[in-house]
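Encoded as structure tokens, the structure appears first; notes follow it.
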Amino acid sequence: MTGALLPTIGGKTPGFGLRIRLDGPRTLPIADFNCRCGRAEGATGEAEVIALVGRFESHTQRECPIAEVREAAALRSAARERTAAKSNRKK
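Going by the working numbering, the first residue of the sequence shown is number -6, and it counts up by one from there.
Printed below as a string of structure tokens:
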């Protein structure tokens, strides 16, 4: 599914990155992402949004042809690992 088929989160010019929206506990989540290389996807529903987040991380870490995008994804991943390690030490 392409991002063009779904409503865009963030207005007419949302920029690049991943956007997830959940308006309430009884609403369907919606997500979309745009990459600087031109790839764009969107999803609605819990399972589809979770899969989209995985595809976004996979694309930005390994598949994107732009080195700056891959570097930023590596920094985000390292920050998540440090945060997880810190919370494990506090337990």
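For every residue, glycine included, the Cβ atom is placed at its ideal position computed from N, Cα and C.
For residue i, three-class secondary structure by DSSP
i, result
"GLY10", "strand"
"ILE43", "helix"
"THR76", "helix"
"THR53", "helix"
Exposure label - residue i; buried when at least 16 CB within 10 Å
i, result
"ASN27", "buried"
"PHE123", "Nothing about residue 123 can be reported from this structure: the residues present for the chain run from -6 to 84 only."
"LEU21", "exposed"
"GLU34", "buried"
Through-space distance from residue j to residue i, alpha-carbon basis
i, j, result
"LEU(-2)", "ARG73", "Residue placement at LEU(-2) is flagged as unreliable, the pLDDT there being 46, under the threshold of 50; a coordinate-derived value is accordingly withheld."
"ALA24", "ALA66", "18 Å"
"GLY17", "GLY10", "22 Å"
"ARG12", "GLU64", "19 Å"
"LEU45", "SER51", "10 Å"
"VAL62", "THR76", "21 Å"
Identity of the residue in the options nearest residue i by Cα
i, options, result
"ARG19", "GLU39, ARG55 and GLU34", "GLU39"
"THR53", "ILE43, LEU21 and ARG29", "ARG29"
"LEU15", "GLY31, ALA36 and ALA78", "ALA36"
"ILE59", "ASN81, ARG32, VAL42 and ARG12", "ARG32"
"ARG55", "LYS83, ILE43, SER70 and ARG82", "SER70"
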